[in-house]
């Protein structure tokens with residue numbers, strides 16, 4: 005992709021373009037964007053498992069702080085390799101089918117301020133395991149009796 009040539013790029017917003025990224029496309033897209041601090045991928049379709057897209061992002065984007073990927077058609081579970089994104093402060097993964105428990109490793113993001121996992125088919129974990137800096141925890145039961153977690157005000 006031609007965007008990968010923009011090596012000094014700090015913000016990339018591909019939201020709502022209804023793009024479809026395959027494994028090689030995502031790796032190629034972010035491979036040379038080491039200065040990227042914000043990557044907006046809302047409504048971008050990706051055909052990768054959690055471990056694949058997590059690895060592609062965490063190995064290429066060491067300065068990433070903001071990662072909204074709502075309505076992304078990604079499949080879980082999330083991979084702990086995301087912890088390599090040390091500066092990550094905003095994670096929005098709402099409306100994706102992650103179908104698992106909220107991962108314990110999310111409590112290890114020391115810079116995390118905003119976490120949105122709404123409508124991800126997740127089962128809750130104890131709020132006490134997440135960083136106090138998040139400040140707001142909301143749990144609600146879905147119709148299937150699974151629990152949804154969000155650290156965003158509703």
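Residue numbers (my numbering): 5 to 158.
Using N, Cα and C, we set each Cβ at its ideal position, and we do this for glycine too.
Residue environment analysis places residue 72 among the buried positions, since at least 16 neighbouring C-beta atoms fall within 10 angstroms of its C-beta. The C-alpha of residue 9 lies about 7 Å from the C-alpha of residue 36. Listed in chain order, the alpha helix (DSSP H) elements of length 4 or more contained wholly in the segment 35-87 are 54-64.
Put simply, the backbone Cα of residue 47 is about 10 Å away from that of residue 99.
A distance below 8 Å between beta-carbons, with the five flanking residues on each side excluded, links residue 33 to the following residues of its chain, in chain order: 5, 7, 8 and 25. Straight-line spacing of the CA atoms in residue 30 and residue 106 works out to 25 Å. Here residue 74 is buried: its Cβ has 16 or more other Cβ atoms, across all protein chains shown, within 10 Å. In the structure shown, residue 8 falls within a helical segment according to DSSP collapsed to helix, strand and coil.
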